[in-house]
Amino acid sequence: MSRASSRPGAKLRAGLLILGALGLAGSGGCRCNKDTLAPVVFDDGANRAPIDANRVLVPPWRPPAVTQLDNGALVHWLHEEGAQSFHVRVLLPTSIHADKLDAAGIDAALEALRLHLEARLRRIPATRLELTSRPGRIEIAVHGRDAEADRVLGALASSLAEAGNAKLLSVAQGKVLARHTQVAPSSEAAAALTTELLELPLEHELAAKSDIVALSKGRLDRAWTTLTDPRDALVIVHSARPLPGSEAPSEARDEPAKEEAKDAGEPGEAEPEPEDTEESERDPLAEALETLGARWKAPLLGFGSGKPAATVRLRGPEAKLRERNTFLLTESRSAPLVVHEGKPEAGGRAIVVLGRIIPTPTPEDRMLARLCQRLMQERVDARLVTAGPLSVFAVRVRISPTDPVRSLKRIIERMQGFSAAEQTRGRLEQATNLWLGARVVDVSLQGEDWTTLWSQSIDLASEDREIYSALARDAQAMLEADPKQVQSFFATWMDPQGGEPGWTWVATGVDDNFSTKLGASLKLVEADE
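Shown next, in the form of structure tokens:
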């Protein structure tokens with residue numbers, strides 16, 4: 001067997017890639033770069049047929065206020081009158097810094113942030129910290145009561161300003177090392193496939209114990225400053241209160257009515273005595289947002305205030321990936337199977353993950369990719385991660401120790417069956433409703449958190465103006481999908497032996513027995529352990 005690159009004893013940096021209105025500052029508002037940030041005109045779909053929000057199960061949100069903090073961080077503020085909860089989500093991109101970040105450094109930086117922020121949040125009633133990952137980014141979310149919004153933002157500012165000190169990063173490194181375990185074969189295969197498809201180093205997804213041990217003080221500091229650079233970050237807020245400074249205070253709105261009452265000779269409210277101090281006029285929420293922009297500082301290296309578009313910040317320049325002219329288990333142009341050493345999973349089965357890149361430059365492409373994946377998922381373990389113009393499609397196969405090649409052929413036959421038979425419209429609607437319903441339930445369990453839906457909507461948008469309507473438009477398109485269109489998409493992008501080439505696969509948990517049987521039918525490439 002020939003050899004390819006891999007890493008032993010690795011831990012999955014789960015999901016980094018697979019498993020990517022202008023608020024005007026006024027009195028008492030945040031010190032934002034309003035003069036340099038162009039307004040975003042969100043597409044509300046007014047030029048198209050109206051969409052029934054209840055049918056597509058999207059929140060009744062309005063376009064957010066958009067502003068930029070002094071440190072360069074971009075803010076999307078979702079205002080919902082009457083909301084009892086407060087949610088803030090900080091999106092930190094990882095894929096745009098793949099040459100500077102690895103899983104070991106990211107793990108240590110996030111652990112330091114978690115340790116510091118959890119300690120601050122314990123002082124605030126009914127708050128919860130959530131660290132998650134989506135395609136090409138890390139997300140830090142804090143959920144609490146809207147009455148405590150200023151305290152939550154203050155805690156976040158404190159942690160983003162202080163958690164990157166050398167002592168805490170060293171403590172975090174030790175904690176990450178202490179809980180490091182051998183990664184499961186299926187997780188290693190998923191990470192290996194993704195980094196192969198996106199042409200990234202495997203260390204971006206997997207951290208070996210030796211990688212964690214080797215983190216020096218300088219590498220820890222670089223990991224922290226690169227990951228938490230506010231000039232690359234997006235802050236999403238969901239609150240019962242509007243963005244400070246984005247609308248006139250209620251007292252100012254009441255002035256015309258008071259003047260009318262005075263002119264009519266009607267008794268109006270007595271003029272309040274002016275306050276003696278400026279402090280009483282300050283809005284605590286505005287101060288907290290200002291503090292976030294002041295204390296959370298950008299590193300000394302680098303220039304500018306960051307890209308003004310959220311989609312550009314999170315994705316960076318469009319990747320120039322090499323063309324793959326391969327299929328799976330075909331007579332010609334058959335992709336070799338990259339084999340990683342290791343013990344089989346329970347039941348003596350090895351894991352193969354096969355997949356490809358699907359170009360999804362338009363909303364229609366993204367809708368079809370998701371709908372086809374949802375349909376195929378009922379018969380095979382199919383996964384899809386979408387980040388605007390690129391989607392990663394993967395299928396996991398647990399192969400039999402007695403006839404591993406037959407296991408692979410059976411999965412490919414099942415996948416080809418979807419392009420051979422046309423789905424009924426009722427069947428498409430059923431799959432769509434199940435998908436939308438599951439999304440609503442998940443958001444409900446998270447306390448009606450709109451920030452997670454806005455994050456998902458970013459992944460469905462090609463540019464910022466599409467974010468507001470992307471969820472609704474995607475759901476509506478899925479409900480109205482043409483069966484013939486779906487069948488054609490299956491045949492073009494999800495048939496490993498036909499349609500467009502570009503397939504590859506990797507295997508883990510493969511012992512000598514598996515290698516002998518697999519090698520009789522296809523070319524194997526041994527991973528460089």
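Position one of the sequence shown corresponds to residue 1 (the UniProt record's numbering), numbered consecutively onward.
All C-beta atoms, glycine included, are put in the ideal place defined by N, C-alpha and C.
Being a predicted model, the structure only gives us computed values, none of them experimental.
Task: Nearest to Asp283 (by Cα), restricted to the options Arg179, Leu243 and Ala298 - done: Along the sequence shown, one-based indexing puts residue 283 at 283. Out of Arg179, Leu243 and Ala298, Leu243 has the C-alpha closest to the C-alpha of Asp283.
Open item on the list: Let me make sure I understand the geometry here. Which of Glu422, Ser521 and Arg356 has the alpha-carbon closest to that of Pro404?
Closed with: Here residue 404 refers to the residue found at position 404 of the sequence shown. Considering only alpha carbons, the answer is Ser521.
Task: Cβ shell of Thr228 (< 8 Å), same chain only, five flanking positions each side left out - done: Translated into the one-based positions of the sequence shown, residue 228 becomes position 228. Only Leu92, Ala109, Leu113, Leu160, Gly164 and Trp296 meet the Cβ criterion.
Task: DSSP bridge partner residues for Val235 (one or two, in chain order) - done: In the sequence shown, counting from the first residue as 1, residue 235 sits at position 235. Its beta-bridge partners are Val75 and Val90.
Task: Candidates Gly105, Arg383 and Asp365: closest to Thr194 by CA position - done: Along the sequence shown, read from residue 1 onward, the residue named residue 194 stands at position 194. For the residues Gly105, Arg383 and Asp365, the minimum Cα distance to Thr194 belongs to Arg383.
Task: Validate contact between the segment 467-484 and the segment 432-441 using beta carbons, cut 8 Å, 3 pairs - done: Three or more pairs of CB atoms, one per stretch, sit closer than 8 Å, so the segment 467-484 contacts the segment 432-441.
Task: Option nearest Ala73 by Cα separation, candidates Leu321, Ala192 and Pro299 - done: Counting from 1 along the sequence shown, the entry for residue 73 is found at position 73. Of the listed residues, the one whose Cα sits closest to Ala73 is Pro299.
Open item on the list: Please identify the residue among Leu285, Ala141, Ser186 and Gln84 whose C-alpha is closest to the C-alpha of Ile236.
Closed with: Looking up residue 236 in the sequence shown gives position 236. Of the listed residues, the one whose Cα sits closest to Ile236 is Ala141.
Task: DSSP-derived helix/strand/coil call for Glu463 - done: For this step, residue 463 is matched to residue 463 along the sequence shown. Coil, per DSSP.
Task: Residues near Leu19 in its chain [Cβ-Cβ closer than 6 Å; skip 5 each side] - done: Residue numbering aside, residue 19 sits at position 19 when the sequence shown is read from its first letter. Summary for Leu19: the model assigns pLDDT 41, below 50, so the residue's position carries little reliability; its value from the coordinates is reported in the next sentence. Only Ala190 meet the Cβ criterion.
Open item on the list: Tell me the rounded alpha-carbon separation between Leu368 and Pro359.
Closed with: Residue numbering aside, residue 368 sits at position 368 when the sequence shown is read from its first letter. Residue numbering aside, residue 359 sits at position 359 when the sequence shown is read from its first letter. Cα to Cα, the separation comes out at about 11 Å.
Task: Nearest neighbour of Pro125, chosen from Leu115, Asp146, Gln373 and Gln487 [CA to CA] - done: Position 125 of the sequence shown, counted from the first residue, corresponds to residue 125. If you compare the alpha carbons of Leu115, Asp146, Gln373 and Gln487 with that of Pro125, the shortest gap goes to Asp146.
Open item on the list: Extract the residue ranges of the beta strand (DSSP E) inside the segment 389-420, only unbroken runs of 3 or more that lie entirely within it.
Closed with: Here the runs fully enclosed are 390-399.
- [ ] Can you give me the Cβ contacts of Ser95 inside the same chain, cut-off strictly under 6 Å, excluding the 5 residues immediately before and after it?
- [x] Numbered from 1 along the sequence shown, position 95 holds the residue referred to as residue 95. The residues are Gly136.
Open item on the list: Among Val152, Ala240 and Leu131, whose alpha-carbon lies nearest the alpha-carbon of Pro64?
Closed with: Residue 64 sits at position 64 when you count from the first residue of the sequence shown. Residue Ala240 is the option with its Cα nearest to Pro64.
Open item on the list: Pro483 and Glu413 - do their beta-carbons sit closer together than 7 Å?
Closed with: Taking the first residue of the sequence shown as position 1, residue 413 is located at position 413. Taking the first residue of the sequence shown as position 1, residue 483 is located at position 483. Not a contact, by the Cβ cut-off of 7 Å.
Open item on the list: Quick check: the Cα distance between Ser400 and Arg406, rounded to an integer number of angstroms?
Closed with: Position 400 of the sequence shown, counted from the first residue, corresponds to residue 400. Position 406 of the sequence shown, counted from the first residue, corresponds to residue 406. Here the alpha carbons of Arg406 and Ser400 stand approximately 8 Å from one another.
Open item on the list: Between which residues of its own chain and Ile212 is the CB-CB distance below 8 Å, once the five residues before and five after are set aside?
Closed with: Taking the first residue of the sequence shown as position 1, residue 212 is located at position 212. The residues are Ala104, Asp107, Ala108, Gln173, Val176, Leu177 and His180.
Task: Whole-Å CB distance - Ala223 paired with Leu115, under 8 Å assumed - done: As a working mapping, residue 223 is identified with position 223 in the sequence shown. As a working mapping, residue 115 is identified with position 115 in the sequence shown. Incorrect: roughly 15 Å between the Cβ atoms, too far for contact.
Task: Buried or exposed by the 16-neighbour rule on C-beta atoms within 10 Å, applied to Gln84 - done: Reading the sequence shown from its first residue, position 84 is the one you call residue 84. In the assembly as shown, Gln84 is an exposed residue. Its beta-carbon has fewer than 16 other beta-carbons within 10 Å.
TODO: Pick helix, strand or coil for Arg31, following the three-state DSSP scheme.
DONE: As a position in the sequence shown, residue 31 is number 31, starting the count at 1. Any reading at Arg31 needs caution, since the residue's pLDDT is 42, under 50, leaving its predicted position unreliable; the model's value is listed next. Three-state result, Arg31: coil.
Open item on the list: Quick check on Ser332: buried or exposed, where buried means 16 or more other Cβ atoms within 10 Å of its Cβ?
Closed with: Taking the first residue of the sequence shown as position 1, residue 332 is located at position 332. It counts as exposed.
TODO: Please confirm whether any heavy atom of the ligand ATP lies closer than 6 Å to the CB of Ala103.
DONE: Only the bare structure without any ligand can be found here, which leaves the ligand ATP out of the picture.
Open item on the list: According to DSSP, Ser133 sits in a beta bridge with which residue or residues?
Closed with: Here residue 133 is taken as the residue at index 133 of the sequence shown, counted from 1. Answer is Ile138.
Task: Inter-residue CB distance, Ala288 and Gly245 (contact presumed, cutoff 8 Å) - done: Start at 1 with the first residue of the sequence shown, and residue 288 comes out as number 288. Start at 1 with the first residue of the sequence shown, and residue 245 comes out as number 245. At roughly 13 Å, the Cβ-Cβ gap does not stay under 8 Å, so Ala288 and Gly245 are not in contact.
Task: Gly509 versus Leu198: straight-line alpha-carbon distance, rounded - done: Counting from one through the sequence shown, the residue named residue 509 turns up at place 509. Counting from one through the sequence shown, the residue named residue 198 turns up at place 198. Cα to Cα, Gly509 sits roughly 23 Å from Leu198.
Open item on the list: Please list the terminal residues of the continuous beta strand (DSSP E) segment that includes Glu183.
Closed with: Against the sequence shown, residue 183 aligns to sequence position 183. One detail in the question is off: residue 183 reads as Val in this sequence, not Glu. No beta strand (DSSP E) holds Val183; DSSP gives it neither H nor E.
Open item on the list: Using a Cβ-Cβ cutoff of less than 8 Å, which residues in the same chain neighbour Glu196 once the five nearest sequence positions on both sides are dropped?
Closed with: For the purposes of this step, residue 196 is taken as the residue at position 196 of the sequence shown. Cβ neighbours of Glu196 beyond the five flanking positions: Val338, Thr504 and Val506.
TODO: Please look up how many angstroms separate the CB atoms of Ala310 and His143, rounded, as I've assumed it's under 8 Å.
DONE: For the purposes of this step, residue 310 is identified with residue 310 of the sequence shown, where counting begins at 1. For the purposes of this step, residue 143 is identified with residue 143 of the sequence shown, where counting begins at 1. The Cβ separation is near 21 Å, so there is no contact.
Task: Beta-bridge partners of His340, as assigned by DSSP - done: Along the sequence shown, one-based indexing puts residue 340 at 340. Answer is none; His340 lacks a bridge partner.
- [ ] Answer with buried or exposed for Asp150, where buried requires no fewer than 16 other C-beta atoms within 10 angstroms of its C-beta.
- [x] Locating residue 150 in the sequence shown gives position 150, where the first residue counts as 1. Buried, because 16 or more other Cβ atoms sit within 10 Å of the Cβ of Asp150.
Task: Endpoints, alpha helix (DSSP H) assigned at Pro363 - done: For this step, residue 363 is matched to residue 363 along the sequence shown. From DSSP, the alpha helix (DSSP H) with Pro363 extends over Pro363 to Met376.
- [ ] List the DSSP bridge partners of Gln68.
- [x] By 1-based counting over the sequence shown, the position of residue 68 is 68. Its beta-bridge partners are Leu74.
- [ ] Please classify Pro256: is it buried, with 16 or more other beta-carbons within 10 angstroms of its beta-carbon, or exposed?
- [x] On the sequence shown, position 256 is the one that residue 256 refers to. Low confidence applies here, because Pro256 scores a pLDDT of 44, under 50, leaving its location unreliable; read the following figure in that light. That one is exposed.
Open item on the list: Give me, in chain order, the residues of the same chain whose beta-carbon lies closer than 6 Å to that of Pro336; leave out the 5 immediate sequence neighbours on both sides.
Closed with: For this step, residue 336 is matched to residue 336 along the sequence shown. Excluding positions up to five away in sequence, the list reads Lys523 and Val525.
Open item on the list: Rounding to the nearest angstrom, what Cα-Cα distance links Leu117 and Ala184 in this structure?
Closed with: As a working mapping, residue 117 is identified with position 117 in the sequence shown. As a working mapping, residue 184 is identified with position 184 in the sequence shown. Near 30 Å, if we compare the C-alpha coordinates of Ala184 and Leu117.
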